[in-house]
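Number of protein chains: 2
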Amino acid sequence: MRHRLKDVAERAGVSVKTVSNVVNGYVHVKPDTRARVEEAIAELKYRPNLSARNLRKGRTGVIALAVPELDIPYFAELARHVVTAAAELGWTVLIDQTGGGREQERVVAGGITEHLIDGLIFSPLALTAEDLAGLDGTPMVLLGERVDRGPADHVGIDNVAAAREITAHLIGLGRRRIAAIGSQRTPEGASARLRLAGYAAALADAGLDFDETLVAPAPAWHRAEGAVAMRSLLSLPVRPDAVFCFNDTLALGALRALHEAGLRVPEDVAVAGFDDIEDGRFSVPTLSTVAPDKERIARLAVELLADRIDGDRTASPRELPAPYRLELRESTQGP
Amino acid sequence: MRHRLKDVAERAGVSVKTVSNVVNGYVHVKPDTRARVEEAIAELKYRPNLSARNLRKGRTGVIALAVPELDIPYFAELARHVVTAAAELGWTVLIDQTGGGREQERVVAGGITEHLIDGLIFSPLALTAEDLAGLDGTPMVLLGERVDRGPADHVGIDNVAAAREITAHLIGLGRRRIAAIGSQRTPEGASARLRLAGYAAALADAGLDFDETLVAPAPAWHRAEGAVAMRSLLSLPVRPDAVFCFNDTLALGALRALHEAGLRVPEDVAVAGFDDIEDGRFSVPTLSTVAPDKERIARLAVELLADRIDGDRTASPRELPAPYRLELRESTQGP
DNA sequence: GTTGCTTTCTACAACGTTGTAAGCAACGTT
DNA sequence: AACGTTGCTTACAACGTTGTAGAAAGCAAC
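So the protein lines, in turn, are chains A and B.
All residue numbers for the first sequence refer to the working numbering, where the first residue is 1 and numbers rise by one.
All residue numbers for the second sequence refer to the working numbering, where the first residue is 336 and numbers rise by one.
And the structure:
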């Protein structure tokens, strides 16, 4: 029992277009007429058919958010903020998981974009600038690492600066053998490269040597990999006295491994992460970390996208920095 | 530069409908013609307009998943599985956050359902049977607690039995003062009521008294509330020697509070949770919990919904139980 | 060379909506 | 009385797609 404008129009004794005008809040409708129409709408429980509206308007009112994995807390928290920010502007969000592979990301970037959504907020891991260059003009905003010379708008924090600051904090505690967990040699590892660069810069600032053996790789930045990496660092002849993990889940895994090894945090080994996920505020010990302003990132991304959809699509790509701060907790400062 | 069937048709020198037939894999098209059309499609990079297709077909190919909060790990993990299962059946998933309030849930249940989506997988906290009864016939599958006499299909585990089992496990460890965290007196607290019932049943099975003072409330089941509740339990004249938390985030908060109080887990207090979220496998100590088979739940929900969309919408509501198991880890069994 | 069947293709209408242009009152101005 | 202005309403066409009905062409069988 779905009703159409036509049904409402017949019931109210007006034309279809007048009903449409009432539904869309057009001003020049006599109060009397408006009331009759609204009554008919209520009686029939009329709801607009969005497919038809979209077809007519060439807009769907839906934007997509594509992230590598939904159950990585950082992306889940980000998704929450994007949905909230989009709702405030009247957009609905369709969430997509890419899995993080380059091919899958290419499919999402190229495939989803047609006609079902008006724009895309994309947090790619593996996508390169060439992949993006081939796309038609669906408005897109990129999150996370900067895809070099990317053809789309971008919102993100300064990874190098943030990594440098948190590493400097570890150095400021008097630590000298500072390890890093999360390096990636693959082309996907843009974040990893930037954070490693910040780490190296901080060491250089303090006159400390960059020791290759203190840098542990982690292909996917999951908790388990953090634990494995930490164990291998602990098996070195001289163990590190601090670790900078390239994200919080790695750090939580590292904390777990340190606990199993019977070491105290931060007394024996100080641990810092990146992302400020909720878990880190309740872990034992609580986790020092870089806290990107996720709400701000989400809001900027949505606004930038809305702007691109409504406005000039050919304007040159914009680069918006997002703020971050250090959250220093027990894992570096003690109870 | 968007192209339509018409553009392809002109280029290939055939009618619009023939192109449509090729796109839809209709069999009776001469190989020769098909080849010409496909070539034209490739040259123009033609993509179907989904709004138009949906309008014509009355289907959108999109289902919605509505959960209270995306950044609660349990829902994030569930969402991941739903997206995956839906993709295998050719559906796209639109994810919605309700916030968990009854009014918001009512809006989502009633409002989203029209014309943009073909069906809804809904994990309500507060919604009552009456709320659902008023809805028109959009196919819907409910997750989580059973809404009594609900008018929709339902997938979920047996909360009472699961809570009873995990409580029995605590009793089996020799604990006698077993607390519970997460009770809710509001009508929203369907899960809480069921899990509390299972807890009480296990106590009764073992001939233990049900002690009201050992049951701590928590309105939203966040980590912080788990910590607060644990602290208040520790301030009792005789402190508990075990706690059953109604979900894992509460349990993680409780672990944190126990750590701050200098108590050992499980030696002084054993802790059990519910949901088996990823965090619990890496916390210190690792968390014993009830592990619902989330992948199975997601798959069942998607299949049930697809069935409802394609098939008989008036068939009486189905009730599908999902499996679960106990994951016993350090927080009850020690290292 | 008529009949009937199959294969291949086409014209047309419809899905439900909104933009455009235009119509019709009622009103005020000249 | 004629004219413009304003407010309100309507008819029509279009958005891009697919279902229906049927035409055209080829083939086989009499």
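For each residue, glycine too, the CB sits at the ideal point set by N, CA and C.
Since the model is a prediction, treat every value here as computed from it, not as a measurement.
Taking CB distances under 9 Å as the criterion, tell me whether residue i reaches chain A.
i	result
Ser526 of chain B	no
Thr621 of chain B	yes
Pro486 of chain B	no
Asn384 of chain B	yes
Leu639 of chain B	no
Leu455 of chain B	no
Gly646 of chain B	no
Ala636 of chain B	no
Gly588 of chain B	yes
His594 of chain B	yes
Glu630 of chain B	no
Glu560 of chain B	no
Measure how close the beta-carbons of residue i and residue j come, nearest whole angstrom, since I'm counting them as under 8 Å.
i	j	result
Ile309 of chain A	Tyr74 of chain A	Not really, about 26 Å apart at Cβ, beyond 8 Å.
Ala291 of chain A	Glu327 of chain A	5 Å
Arg223 of chain A	Phe609 of chain B	Not really, about 20 Å apart at Cβ, beyond 8 Å.
Arg176 of chain A	Leu214 of chain A	The Cβ separation is near 11 Å, so there is no contact.
Val16 of chain A	Lys6 of chain A	6 Å
Leu385 of chain B	Leu116 of chain A	5 Å
Lys629 of chain B	Glu412 of chain B	6 Å
Taking C-beta to C-beta, are residue i and residue j nearer than 9 Å?
i	j	result
His81 of chain A	Ile297 of chain A	yes
Leu287 of chain A	Ala272 of chain A	yes
Gln97 of chain A	Thr667 of chain B	no
Leu233 of chain A	Ala251 of chain A	no
Ala202 of chain A	Ala261 of chain A	no
Ala375 of chain B	Val354 of chain B	yes
Gly434 of chain B	Pro403 of chain B	yes
Arg437 of chain B	Pro575 of chain B	no
Val160 of chain A	Arg195 of chain A	yes
Ala79 of chain A	Leu379 of chain B	no
Distance check for residue j and residue i, CA to CA, integer angstroms please.
i	j	result
Pro317 of chain A	Ala152 of chain A	5 Å
Ser183 of chain A	Pro219 of chain A	8 Å
Val619 of chain B	Leu236 of chain A	24 Å
Gly646 of chain B	Ala180 of chain A	55 Å
Gly119 of chain A	Val372 of chain B	29 Å
Ala344 of chain B	Ala229 of chain A	58 Å
Thr314 of chain A	Asp614 of chain B	44 Å
Val476 of chain B	Ala322 of chain A	39 Å
Arg520 of chain B	Gly533 of chain B	16 Å
Val490 of chain B	Ser458 of chain B	10 Å
Val269 of chain A	Glu212 of chain A	19 Å
Thr60 of chain A	Gly25 of chain A	19 Å
Arg53 of chain A	Gly393 of chain B	13 Å
Asp249 of chain A	Arg391 of chain B	As written in the sequence, residue 249 of chain A is Thr, which differs from the Asp given in the question. Distance between the alpha carbons of Thr249 of chain A and Arg391 of chain B is about 47 Å.
Are any of the Cβ atoms in chain B nearer than 9 Å to that of residue i?
i	result
Gly25 of chain A	no
Ala52 of chain A	yes
Val93 of chain A	yes
Phe282 of chain A	yes
Asp96 of chain A	yes
Pro31 of chain A	no
Pro73 of chain A	yes
Ala85 of chain A	no
Arg80 of chain A	yes
Ala76 of chain A	yes
Ala298 of chain A	no
Val62 of chain A	yes
Ala272 of chain A	no
Glu278 of chain A	yes
Glu267 of chain A	no
Let me make sure I understand the geometry here. Which of the options has the alpha-carbon closest to that of residue i?
i	options	result
Leu655 of chain B	B:Asp576, B:Thr419 and B:Leu478	B:Leu478
Ala401 of chain B	B:Val351, B:Ala525, B:Arg371 and B:Ala636	B:Ala636
Ala399 of chain B	B:Arg437, B:Pro474 and B:Lys365	B:Pro474
Gly524 of chain B	B:Phe581, B:Tyr659, B:Phe609 and B:Ser386	B:Phe581
Ala577 of chain B	B:Lys341, B:Leu640 and B:Ala503	B:Ala503
Pro670 of chain B	B:Arg599, B:Thr649 and B:Lys629	B:Arg599
Glu423 of chain B	B:Ala641, B:Gly435 and B:Pro383	B:Ala641
Ile121 of chain A	A:Ala35, A:Thr60, A:Val93 and A:Val29	A:Val93
Ala370 of chain B	B:Arg382, B:Arg391, B:Leu460 and B:Ala347	B:Ala347
Ala527 of chain B	B:Gly509, B:Ala421 and B:Asp493	B:Asp493
Gly425 of chain B	B:Glu638, B:Arg664, B:Tyr659 and B:Arg660	B:Glu638
Tyr324 of chain A	A:Arg106, A:Glu165, A:Val29 and A:Val27	A:Glu165
Would the C-beta of residue i count as close to the ligand FMN, meaning under 8 Å from any of its heavy atoms?
i	result
Arg281 of chain A	Of the ligands one can find in the structure shown there are none, so the ligand FMN has no counterpart to examine.
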